[in-house]
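Colleague: Sharing a structure with you now.
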């Protein structure tokens, strides 16, 4: 059932989303928006891994569920990263009273 | 053939959206529309204040959401263990207890420093 | 009445659109093209939306569509995990984060001059073109290798319909080390995030940011009261020298 | 009667082959989800008002139609004709999206629940390959990972709640919605942890598999860890659906009506419908997971027949659907009963209750469930007949003891902490003038 | 063609858990310190006594872990056949051999010194969390060193980096620390997303996540060359290098380094500079050598470069940028930040040397040697930076004026460390650089890419770096002591300085003491455990992949008779 969507289509979609995430990281000024873009990039990598797992040929002798476990671990890591990210943003906001990345410039030079 | 079963979930999702939006559309047709400025105002005694962010007071919302994220990921890892426990040995029990112990450390920590208290 | 016609016209257009897509791509691919297209649009929406809550909503839609793609790849436990972790927990956390840092309504509009975004756009499009070429030129494996990998492919097919059980077996035996490490990572991020989110500021609350000489050792009054648990609230500056 | 007809066609189709059973699905959609469930929910609303009235020694709605049966239909029509306006600066699209999300989450969770037994067929046990009669539950679709699907779908509701509060541009609505989202989020963890023992014992995540195991080895609620999980699941379901002792956002003095403050006419109707439908869904989940779906309690009716000869699907299904709806009715009555009697909990009590009592209790209950598994289920894993009499009772004794210990330990810990916070509160306020002068107990400085 | 059965997974035996005991002890000790602080000390004692007690307990824990790690190294304790690297640990997720045993000791040694350092200065109210996170990041670091598979590598990398993000931000009151932590987080998670995307592509191209199997798959499908030949592999390579580039703070990904080194509390900066860089370099060597070996150089001609040429360009640019930027710095910590960028440039030269040189193991030994000595030196210098921030209050270089007269011992130790960083002959720094550059040079001999230009640039940079280090030495000895120099050096700082200086001089005088064990470690670093219970995979042209050192792909592959040796365990 899933064979008739070629692998390359998934890779193109994953690459497109990854690039959009990268663009978001580079342009957005609000740290929370940057965190969201990083979530986009991580999800794109997840999609890539799973597409290769399901439609690519595994290495001879490879375990049946490598890609799935890798994706599960990446989902857990992404959740932990967002949690810490927002904690740090709150700390920054409390100390700096602003949520604009460009205005954090106390250490110049 | 899991794919075909989720097809029904997709159909049900579209149906549910239709089922929810239909009355909203219906009102547009049936219900009277006499918008007056007063009706537009939010239910508020007095002006809606552009209050300064009251970060200290609302901090525990964030802490509860944070605890939820970590425990949610934990429960997701609990399900495969529970499903395959029949064919696993005692070591899987010990391994999962270590995993749970690590997360109870987080809960005990949040409890002990009073993060769980609702000011 | 106008609305009634509008709705029926919308239904008609949607029906036509579906038939067009299905004839052009075939059933499965048609569904994939629609989901993937919507996912890319939601990703663009997340990046370009002015209001933060709107971009968070686009992100939620994107998570859901990625879950649909996971189902198309027949990894349905992961699709459910994705919905549960990302839409259920991470989206709520992001929205609370937005609430706590923006003013009440979180619609702080960011002025985005196109000029500022041009270099980033060029880099992004360049990388996408290189990735697209890379996808085209992806070498597929030699005949011998795919044959040798036959047992692994067979194992993978067998695993598909009882995914949670197999995942449990593998997580507990083959990948028990990364599994325990993720437990440690979750605890560390929980402990760290709760420690950071503590309302009481730390010692060196120097106003200008650089730690003022005396402030390091002497604990500010409110902190020492809390620290000393109210037993005695003297804030005697104690030089720390073990 | 048409419910019966659906069962026959559905089963025939399922038995034939694996192709997509379009007919059954369309019937499920248009008869079940369009007709039966909203009607059922409407009469649950009516039932609630009647029962609440009886509790307060009054009659309740009886003007519209015989015994007020058409009351909720009348409400529906009234709501349709009310003017629907949204606050001026509100975000119209998201304002409308919120109730839709809530309703979607309630409806999606009904797709997986096995209302009856469906057909009976001889299949080999996935774990040990032994050929034994298994049920194909009479559910719209049987997902291999059903339980996490239910949890995922119910977590979408908290997102809808947040959007409702945010999009109505009103400080009180926002505060109410954040508080109720925090409550829903905190009570989702015990709810999920309560379902893990069930999955542990039945070895599969699909609800039909769980139902099949319960038919075989008896209801899970009859086992001590199962009973504790049932109690925790019910308590957290009360909170998950914002009802009874936990309906905090609707009633606080400063929150007026909580998140659906700015909603009028049919949007409010949608929230109302979504709340009752999710209550109905939670009761169905609870019956399937803990009370053995359509199995008749003491009479080993279906199992006896299962072992023997395959009875006519129609008759089997009719009985099981009736038994299932009886159990769901009982649980819904429990919801009404609790709502009519218990007072509302204070916010900090409510949060502390979830994190400091329910979650530790769940974690310990998980340990005890594993012990129950080792004693009772591991020896007979895979064999068609259930656990032996002696094994069952030894397991019951051991786990019952452990459950009691766990319960009192958790309660002690919880009370220990709340007193502790009381002590520090008294000592800390003692050091500065408290508002209510006579209350401040002079503490030694 | 014989099909290869799926490798069965088996529950790791008790001996495997025993080899993991230092890591398990540190994880447990983090929990212990956290619970001790939160349950016992938090509301009952003054902050200073609490900090002292927690510091002591964590020091005891770290020393116990160090003892365990050294114990594992003891010849008698460890079964020798296990160490011969054909044993598969934890189903191939980590490799426990001479390399990981020794590098584990070095890693925990850095941890002990950092804990000693952080006992001197109470900069945050959350002491328990600080030490616990320090332990957990050490666990992540060591598992990253031993990882033999992308999954373990990625999760260990994330554990280490996320713990360090939090450690940087723990000084919640100060503006600089929270700003540094947020910048570090945003750069770090973007870089790890790039790294993960690269990993997903390498997984796609080879079908497996085990480093050794990836290496074999790439050798087999020879069609996958460097960037010129293949876009796919080139991009995967670039993305992986981007991830490592960030962790190692080489030039295109170094923007975070100055701000984080200056903003973070000094002990945390010391930990980043020594521990995190140490583990990142080792993981980089393992991934580039074991997995992506074939992409190192594409049949010798220059226009289709593998990662060797890219790294050499990165190395050159990092060195020059780091040194030039450090020249104009007034702030001591910022100067050290730019010097750390320069030193990662030197180390990249070493990595390039490994990629190209014929004696791979000596080159790895040289890089490991330089890593150890550089790690010790940065620890010592940051100890002084911690003392500066703690007692003097501001970390400008001219606050060190006249330290030589008032505090001769610490000033002398600091002088030794700075000279070693420059690379003055008798000290360890000189031998590190000399060995690495020699390996890079002799690699040029056998027709590999001539690296002479790179070594010349490296030597020039060492000379340039002398200027800003000497400026610090001038401040120490040739200037009048300023008013602030008066407070005594806390013992933690003194200990770290003395240990670092003694080690630098000791390893300088007879480098073989450290070089031989590290050479042995180099050998086992580059060989990967074979999946013990599956037949040797026979590739298309009948060549079995033995577990010996994967020779330089430039040379032709010698056909070896297929010998299926299923050494059942």
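Chains as they are written, first to last, in the numbering used here: chain F, 14 to 122; chain A, 319 to 437; chain E, 3 to 244; chain B, -5 to 439; chain H, 51 to 619. A virtual CB, placed ideally from N, CA and C, is assigned to each residue, including glycine. Model, not experiment: these values are computed from the prediction.
1. Should residue 84 of chain H be flagged as near chain A, meaning a C-beta pair shorter than 8 Å?
2. DSSP three-state call for residue 702 of chain H: helix, strand or coil?
3. Got a sec, what are the start and stop residues for the alpha helix (DSSP H) residue 48 of chain E sits in?
4. Taking C-beta pairs closer than 9 Å, name the residues in chain A that residue 92 of chain H reaches, listed in chain order.
5. In chain C, which residues lie with their C-beta within 8 Å of the C-beta of residue 61 of chain F?
6. Assess contact between the stretch 408 to 416 of chain H and the stretch 310 to 319 of chain H, defined as three or more Cβ pairs (one per stretch) separated by less than 8 Å. Is contact present?
7. Apart from the five residues just before and just after residue 281 of chain B, which ones in its own chain have a Cβ nearer than 7 Å to its Cβ?
8. Assuming residue 155 of chain B and residue 174 of chain B are in contact, meaning their beta carbons sit under 8 Å apart, how far apart are those beta carbons, in whole angstroms?
9. Taking DSSP as the reference, what is the three-state secondary structure of residue 446 of chain H?
10. Taking a contact to mean a Cβ-Cβ separation below 8 Å, would you say residue 450 of chain H touches residue 364 of chain H in this structure?
11. Could you tell me whether any Cβ in chain A is nearer than 8 Å to the Cβ of residue 207 of chain E?
12. Our contact map puts residue 546 of chain H next to residue 433 of chain H with C-beta atoms below 8 Å; I'd like the distance itself, whole angstroms only.
13. Which chain A residues sit within Cβ distance under 7 Å of residue 36 of chain E?
14. So, at 8 Å on beta carbons, what are the nonlocal neighbours of residue 260 of chain B in its own chain, with the 5 sequence-adjacent residues on each side left out?
15. At a CB distance below 9 Å, what residues from the stretch 70 to 85 of chain E approach chain A? Give them in sequence order.
16. In three-state terms, what does DSSP make of residue 175 of chain H?
17. Which word fits residue 89 of chain E, buried or exposed, when buried means at least 16 other C-beta atoms lie within 10 angstroms of its C-beta?
18. So what's residue 359 of chain B in DSSP terms, helix, strand or just coil?
19. Tell me whether the beta-carbon of residue 156 of chain H lies closer than 8 Å to the beta-carbon of residue 123 of chain H.
20. Let me check one thing: in DSSP terms, what residues is residue 198 of chain H bridge-paired to?
21. Would you call the stretch 193 to 212 of chain B and the stretch 132 to 141 of chain E touching, i.e. three or more CB-CB distances under 8 Å?
22. Is residue 195 of chain E near residue 91 of chain F, with beta carbons less than 8 Å apart?
23. Taking 8 Å as the threshold (beta carbon to beta carbon), is residue 36 of chain F in contact with chain H?
24. In angstroms with no decimal places, state the Cα-to-Cα distance between residue 350 of chain H and residue 508 of chain H.
25. Exposed or buried, which one is residue 88 of chain F when buried takes at least 16 other CB atoms within 10 Å?
26. Is there contact between the stretch 154 to 162 of chain E and the stretch 377 to 386 of chain A, where contact requires at least three CB pairs shorter than 8 Å?
27. When the Cα atoms are used, what is the spatial distance from residue 18 of chain F to residue 14 of chain B?
28. Listing by chain order, which chain B residues have their CB less than 7 Å from the CB of residue 339 of chain A?
29. May I have the straight-line CA-CA distance separating residue 33 of chain F from residue 552 of chain H, to the nearest angstrom?
30. Let me know if residue 97 of chain E comes out buried or exposed under the rule of 16 or more other beta-carbons within 10 Å of its beta-carbon.
31. Is the Cβ of residue 426 of chain A closer than 8 Å to any Cβ of chain F?
32. Taking contact to mean at least 3 C-beta pairs separated by less than 8 Å, is the stretch 479 to 490 of chain H in contact with the stretch 334 to 343 of chain H?
33. Just the C-alpha distance for residue 178 of chain B and residue 201 of chain E, rounded to the nearest angstrom, thanks.
34. Relative to the alpha-carbon of residue 23 of chain B, which residue among A/337, A/416, A/417 and A/341 has its alpha-carbon at the smallest distance?
35. How big is the Cα-Cα spacing for residue 104 of chain H and residue 119 of chain H?
36. Closest to residue 487 of chain H by C-alpha separation, out of H/96, H/412 and H/542, would be which residue?
Modeller: Straight from the coordinates:
1. yes
2. Residue 702 of chain H is absent from the structure shown; chain H starts at 51 and stops at 619.
3. 29 to 50
4. 430 and 431
5. Given the protein chain composition of this structure (F, A, E, B and H), no chain C is represented.
6. Counting Cβ pairs under 8 Å, fewer than three are found: no touch.
7. If you ignore the 5 residues before and after residue 281 of chain B, its C-beta comes within less than 7 Å of the C-beta of 287, 318, 321, 322 and 325, all in its own chain and listed in chain order.
8. 6 Å
9. strand
10. no
11. Only weak support is given to the placement of residue 207 of chain E: the predicted model assigns it a pLDDT of 33, under 50, and the question is left unresolved by the model.
12. 4 Å
13. By Cβ distance, chain A contributes nothing, its closest Cβ being about 11 Å from residue 36 of chain E, past 7 Å.
14. 73, 74, 76 and 78
15. 70, 73, 74, 76, 78, 79, 81, 82 and 83
16. Residue 175 of chain H falls in the coil class under three-state DSSP.
17. buried
18. Here residue 359 of chain B carries a helix assignment [DSSP, helix/strand/coil].
19. no
20. Answer is none; residue 198 of chain H lacks a bridge partner.
21. no
22. no
23. No, its Cβ sits nowhere closer than 8 Å to a Cβ of chain H.
24. Because residue 350 of chain H carries a pLDDT of 43, less than 50, the predicted location of this residue cannot be relied on, and no value is offered for it.
25. Residue environment analysis places residue 88 of chain F among the buried positions, since at least 16 neighbouring C-beta atoms fall within 10 angstroms of its C-beta.
26. no
27. In a straight line, the C-alpha of residue 18 of chain F is about 19 Å away from that of residue 14 of chain B.
28. 94
29. 52 Å
30. buried
31. no
32. no
33. Rounded to whole angstroms, residue 178 of chain B to residue 201 of chain E spans 24 Å at the Cα level.
34. For residue 23 of chain B, the nearest C-alpha among the options comes from A/337.
35. 22 Å
36. H/412
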